[in-house]
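Residue numbers (this note's numbering): 3 to 724.
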């Protein structure tokens, strides 16, 4: 009985309401937007906590909204700092799923068409509404906002909160004050052109920075007696007098935002302007420096801020009240629900996510599964939130489909030139139709003009939802190239092939595919001046072919980790110019590893043979960028070849949100030869160096090479890597 009495007494004491706080001015905090610059807000919050200054209301725009939203959920400045610095921002800001997370067929698309612009044909030719659907950023938001998806008012948060967006349709400011915290934060960070807008009811919402980057008025309307404003753009950095086009656009945006920040500052009681010289809005890796600068800005205004400091006991009571309204983070979901997918895909995802929630939510595995879902190519983003059904806690996965497709159209522009040769120009495209005529089926049609002329189509269909598939194809290809003698071109050759094929295979997963098939085609080889190495051939061919591909690298353009292996084997039953049946084998191995933060090593080995010494069918080519760069394009020809390359890459810059993404200095050593049985087989050696970068139009490579025999070339390539 005594124990029960003690327990009841303890419970009654805990149930007693906390003593009311002494009357004091209600303090509001307004936080400006500025992408990475918003880390400075964390430093300000740290200083306010250390000096016992409570925040009764908080409002923010863009990154200010994100930091303010986290603080409003009850997180301390230290917790926010730990969380945001733990985020891999390079990964979170990627425009699409990481290459390794893509479905195997989408990896093939990215390798063949490495540019970033995917077009859609739903309702006409359309482009995406931004460079990125912000899936990675959405996963970051879900980690702390998933608990607050059903708020009748943002006043019900531990600290009352507001954030600002703009409705593109109506052209006016939208202040989020209720509903789903994730939606509010996702809208306020939707930087126009970078992140896709958020659609809510009939609104199309983007970052509110262009109209109210520092929402002092919003905090004041919430009931704040005093407003502390943290501005990030009010002081424009000194710039030169001459501007490029992009610099002029960026400067104009800075001026516009700075103007509305300065206007807001006139209504603030305390204005904090962190020193941000030398730091840019994309410098996410300088979080620690930015946090320190925010702290120093608050310290510089200590005299003004101390007016709102309260005694230690009162501050602890305020913090206790705030923490008491915080929702528990350790929810153990008992079920998974999915919306936005077809019923079969929804059931499959629910099944795959069951191990993720067993014994508590495995955050990394959940993020990985949702990212792999976007790697299918049809869905732009996926988020989650906590729900309750029949008294049981669970998570709801909300999947957003791309609005502009399917069908999808990938395109590429190709420029390939080197000293002593004509510049080759080409365009290409790939049309992708999904779920036609049944779910899981896919029609893929390719076309190209210029550097290569081709028209290919493949219909891919899984067998009853298994990993087995069939893939009938039709194709027409034509290429022209020079024939060389003593390093000089003497003839122009043309090769054309048209035919049909049927493959059956096994799609082992995101990384590997096996195929076996039969192909019938008609080929025609002609040359302006025939030679013993390339003679006129015309007639029908038939062959059995097999293919194995393992796509295990982290990028199709500039891999830093992983292995790619491709093996193509054919048995030629009949071919013009061939006296008997013969095999063809082609092997290509690529390996990359990151030596440290700045250096990457890549190695490539390739070899092939037709295993026939008496025919000139299906020759191999070497020469040009990445394939003996000191030689002219396709200078070496033969029915056998080998090639090896070792390259060292030095990172110069790596910004996933930039038009020019990763930029490397590359040096490479190459050796190889293409030959016929009666020709020289000794390797040709050369070395090459240049700059290589990922761009919005594909890979850009500019450099020079020198090889034995005095061979030298200056070359560039835009579009495809190989």
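For each residue, glycine too, the CB sits at the ideal point set by N, CA and C. As the structure is a computational prediction, the values presented were derived from the model and not from experiment.
Reduced DSSP category for residue i - H, G, I as helix; E, B as strand; rest coil
{"i": "residue 70", "result": "helix"}
{"i": "residue 139", "result": "helix"}
{"i": "residue 263", "result": "helix"}
{"i": "residue 101", "result": "helix"}
{"i": "residue 281", "result": "coil"}
{"i": "residue 659", "result": "Low local confidence applies: a pLDDT of 49 at residue 659 is under 50, so the model's placement there is unreliable, with the coordinate-based value given in what follows. Note: residue 659 maps to coil in three-state DSSP."}
{"i": "residue 666", "result": "strand"}
{"i": "residue 699", "result": "coil"}
{"i": "residue 354", "result": "helix"}
{"i": "residue 715", "result": "strand"}
{"i": "residue 2", "result": "The requested residue 2 is not part of the displayed model; the chain covers only 3 to 724."}
{"i": "residue 302", "result": "helix"}
{"i": "residue 111", "result": "helix"}
{"i": "residue 707", "result": "strand"}
{"i": "residue 527", "result": "strand"}
{"i": "residue 63", "result": "strand"}
{"i": "residue 453", "result": "coil"}
{"i": "residue 688", "result": "strand"}
{"i": "residue 308", "result": "helix"}
{"i": "residue 4", "result": "Any answer about residue 4 is weak, because its pLDDT of 39 lies below 50 and its placement is not dependable; what the coordinates show is given next. Helix, per DSSP."}
{"i": "residue 171", "result": "coil"}
{"i": "residue 721", "result": "strand"}
{"i": "residue 681", "result": "coil"}
{"i": "residue 326", "result": "helix"}
{"i": "residue 380", "result": "coil"}
{"i": "residue 156", "result": "helix"}
{"i": "residue 48", "result": "helix"}
Endpoints, the beta strand (DSSP E) within which residue i is located
{"i": "residue 474", "result": "470 to 487"}
{"i": "residue 412", "result": "410 to 420"}
{"i": "residue 539", "result": "539 to 553"}
{"i": "residue 215", "result": "No beta strand (DSSP E) holds residue 215; DSSP gives it neither H nor E."}
{"i": "residue 29", "result": "29 to 33"}
{"i": "residue 365", "result": "Run containing residue 365: none in the beta strand (DSSP E); it sits in the alpha helix (DSSP H), 365 to 376."}
{"i": "residue 120", "result": "120 to 122"}
{"i": "residue 403", "result": "394 to 403"}
Residue i CB to nearest heavy atom of the ligand SAH below 6 Å
{"i": "residue 431", "result": "As far as ligands go, the structure on display features none, and thus does not contain the ligand SAH."}
Beta carbon of residue i nearer than 7 Å to that of residue j
{"i": "residue 668", "j": "residue 648", "result": "no"}
{"i": "residue 713", "j": "residue 631", "result": "no"}
{"i": "residue 231", "j": "residue 267", "result": "yes"}
{"i": "residue 456", "j": "residue 474", "result": "no"}
{"i": "residue 720", "j": "residue 704", "result": "no"}
{"i": "residue 710", "j": "residue 664", "result": "no"}
{"i": "residue 476", "j": "residue 502", "result": "yes"}
{"i": "residue 292", "j": "residue 77", "result": "no"}
{"i": "residue 701", "j": "residue 116", "result": "yes"}
{"i": "residue 610", "j": "residue 636", "result": "no"}
{"i": "residue 320", "j": "residue 56", "result": "yes"}
{"i": "residue 561", "j": "residue 509", "result": "no"}
{"i": "residue 260", "j": "residue 235", "result": "yes"}
{"i": "residue 500", "j": "residue 485", "result": "no"}
{"i": "residue 601", "j": "residue 538", "result": "no"}
{"i": "residue 572", "j": "residue 596", "result": "no"}
{"i": "residue 464", "j": "residue 448", "result": "no"}
Residue i, enclosing alpha helix (DSSP H) - first and last residue
{"i": "residue 41", "result": "Premise fails: residue 41 is in no alpha helix (DSSP H) and is neither H nor E."}
Below-7 Å beta-carbon distance, residue i vs any chain B residue
{"i": "residue 392", "result": "No chain B appears in this structure, which consists of one protein chain only."}
With three or more beta-carbon pairs closer than 8 Å as the criterion, would you say the stretch 334 to 354 touches the stretch 150 to 163?
no
If contact is defined by three or more beta carbon pairs under 8 Å, each pair taking one atom from either stretch, is the stretch 369 to 385 in contact with the stretch 395 to 405?
yes
Does the stretch 132 to 146 come close enough to the stretch 39 to 51 that 3 or more CB-CB pairs lie under 8 Å?
By the Cβ criterion, the stretch 39 to 51 is not in contact with the stretch 132 to 146, since fewer than three pairs of Cβ atoms, one from each stretch, lie closer than 8 Å.
Determine contact between the stretch 226 to 233 and the stretch 176 to 186, defined as no fewer than three beta-carbon pairs at a distance below 8 Å.
no
Threshold first: 3 residues or longer. Then list the beta strand (DSSP E) segments lying entirely within the stretch 565 to 604, N to C.
584 to 596
Tell me, please, whether the stretch 96 to 109 touches the stretch 201 to 209 by the rule of three or more beta-carbon pairs shorter than 8 Å.
No, the stretch 96 to 109 does not touch the stretch 201 to 209.
How about the stretch 539 to 558 and the stretch 510 to 526: do they share at least three Cβ pairs that are nearer than 8 Å?
yes
For the pair the stretch 412 to 429 and the stretch 437 to 445, tell me if three or more CB-CB distances fall below 8 Å.
The stretch 412 to 429 vs the stretch 437 to 445: no contact.
Measuring CB atoms only, is the stretch 55 to 65 touching the stretch 104 to 112, in the sense that at least three cross pairs come out at less than 8 Å?
no
Fully enclosed by the stretch 490 to 525, which beta strand (DSSP E) runs are 3 residues long or longer?
490 to 509
For the pair the stretch 208 to 223 and the stretch 33 to 41, tell me if three or more CB-CB distances fall below 8 Å.
yes
Does the count of Cβ pairs from the stretch 401 to 416 and the stretch 114 to 131 closer than 8 Å reach three?
yes
Taking one C-beta from the stretch 117 to 125 and one from the stretch 137 to 147 each time, how about it: are there three or more such pairs within less than 8 Å?
These segments do not touch.
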